[in-house]
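Data block below; observations after.
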Amino acid sequence: MTVLVINSGSSSIKYQLVDPESGEAIAVGLVEQIGEESSHIKHTYKGEKHEYDQPIADHGEGLRFVLDLFENIGPKLADAHIEAVGHRVVQGGNHFDGPALVTQEVRDLIEELAPLAPLHNPAHLRGIDVARELLDVPHVVVFDTAFFQSLPEEAARYALDREIADKYSIRRYGAHGTSHQFVAQAVADYVSRDDLKQIVLHLGNGASVSAVLNGKAVDTSMGLTPLEGLVMGTRTGDIDPAAIFHLSRVGGLSIDEIDNLFNKQSGLKGLAGVNDMRAVWSLAESGDAHAREALDIYVHRIVKYIGSYAAVMGGLDVIAFTAGIGENDDLLRAEVLERLAGFGLKLDAETNAVRGDEIRQISTDDSSVQVLVVPTNEELAIARQAMEVIGK
Ligand code: AMP
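Structure (structure tokens):
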């Protein structure tokens, strides 16, 4: 029994064949640079990587190529017992507070939400359409925003003119919800308690933080789009929106130029010149002052959110670190926790230094807050939600 999980972007298709019970990723791959002169395809099965460079005109051709790879390299899909295809969708707006079976109506709603995620939703639809043509099993959509549909109005509504905000659907939708939900549930299972005040830090190239009270999200840092909140690889995170007026009026930049600047040229890249956290550390360690300052700004922003979310929940039981940086960067975790020492948080330096694929505690037993590292697995979460939707 397996689920094929598909994440299609504007010029890419990422996929994973997952066993939803054991959690095993049976085959993993991606097609990149679709529509360009040459596309890059990678398929990994039984630990062996198979790579190809050749033109792929569109998503249909890309997915057909992938299905041929399954047939020729394996595992053969006919033997893999695919129960469903799970599609990641970035923006579900106010229409979806959970996963949904793809029907014409669901498809139309995702299309209707395209103005809120112009780079993502149309690309997801392309992937969904060709996958439905080629794979005759139930298709399920899992939304990045769904977990945050539980946010109370006081956290979701911006203090913007009510009529304008509603007319243009401007509110906090959040993102990375599948990961935040998966991690929050893993934490509850690990500590055998559901009544928890948790802060989940998803620190990857994109980064977000959520406050989760008794299993429900009550606040999150990403907003109308994934631009708001923490410092990210190439995104500003929080910034005074008046910077946009200033850059337009005084700097003469167009809206598209400012969009590109804030989303693609800022964050760690804008501050230190590189967006990969490992590269930021190696610059900082070689004495680069801008890289060191980038780390300070990154940590400062995280600490600020932890303080505010603890206040919002009226206390704090657990902080969970996840994603590329959260799971692997022990130095960064140590810097965050050092700044919280005044609140009784105590790092266990020994367990913090250990690498692993398992959920683990990195605070001492007498720390005021339990601090955990929790490997996230969005594909598995999508596969399991897809199985739930089809009632298996
Ligand atoms: P993700 O988007 O979750 O894949 O995370 C990507 C980020 O994780 C990049 O900034 C990587 O530099 C960072 N990352 C991965 N491994 C490490 C590591 N060992 N130490 C620090 N950062 C890491």
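Using the working numbering, read the sequence shown as starting at 705 and increasing by one per residue. We put the beta carbon where it would ideally sit given N, CA and C, even for glycine.
Within the same chain, Cβ atoms closer than 7 Å to the Cβ of Ile777 are found at His747, Tyr749, His754, the five residues on either side in sequence being excluded. The way I'd put it, the segment 1043 to 1056 doesn't touch the segment 947 to 956; fewer than three beta-carbon pairs between them come closer than 8 Å.
A check of alpha carbon separations from Val887 across Met926, Met1091, Val1075 identifies Val1075 as the nearest. In summary, Pro930 is buried, with 16 or more beta-carbon neighbours lying within 10 Å of its beta-carbon over all protein chains present. Of the heavy atoms belonging to the ligand AMP, none sits nearer than 7 Å to the Cβ of Met936.
Counting only residues of its own chain and dropping the five nearest sequence neighbours on each side, Pro945 has no CB closer than 6 Å to any other CB. Distances from the alpha-carbon of Ile948 to those of Asp960, Leu829, Gly919 put Asp960 closest. In terms of side-chain proximity, the C-beta atom of Arg982 is found nearer than 7 Å to a non-hydrogen atom of the ligand AMP.
Cβ atoms of Asp762 and Gly739 come within 8 Å of each other, at about 6 Å.
A straight-line Cα-Cα distance of about 15 Å links Val913 and Gln889.
Minimum Cα-Cα distance from Val1040 among the listed residues Gly733, Leu999, Tyr894, Leu864 corresponds to Leu999.
Ile1006 has its CB no nearer than 7 Å to any heavy atom of the ligand AMP.
The Cβ neighbour count for Pro803, taken over all protein chains shown within 10 Å, is at least 16; the residue is labelled buried. Ranked by Cα distance from Ser726, the first of Ala1085, Gly1095, Val1093 is Ala1085. Taking a 10 Å sphere around the C-beta of Asp848, we find 16 or more other C-beta atoms and assign the residue as buried.
If you draw a straight line from the Cα of Ile832 to the Cα of Glu809, it is about 13 Å long. Short note on Asn909: C-beta closer than 7 Å to some heavy atom of the ligand AMP. With a contact defined as Cβ atoms closer than 8 Å, Tyr1013 and Ile903 qualify at about 5 Å.
For Gly1011, the enclosing alpha helix (DSSP H) stretches over residues 993 to 1017.
Buried is the label assigned to Leu721, since at least 16 other Cβ atoms lie within 10 Å of its Cβ. Between Leu734 and Ser712, the C-beta gap is not smaller than 8 Å, which leaves the two residues out of contact.
Per DSSP, the continuous beta strand (DSSP E) segment holding Asn711 begins and ends at 706 to 712. Sequence-distant partners of Leu975 (beyond 5 residues in either direction) whose C-beta falls short of 6 Å from its own C-beta, in its chain, are Ala998. The beta carbon of His994 lies closer than 6 Å to those of Ala976 in the same chain, with the five residues before and after it left out.
Closer than 7 Å to some heavy atom of the ligand AMP: that describes the Cβ of Gly1028. Per DSSP, reduced to three states, the secondary structure at His843 is strand. In the three-state DSSP reduction, His763 falls in the helix class (H, G or I).
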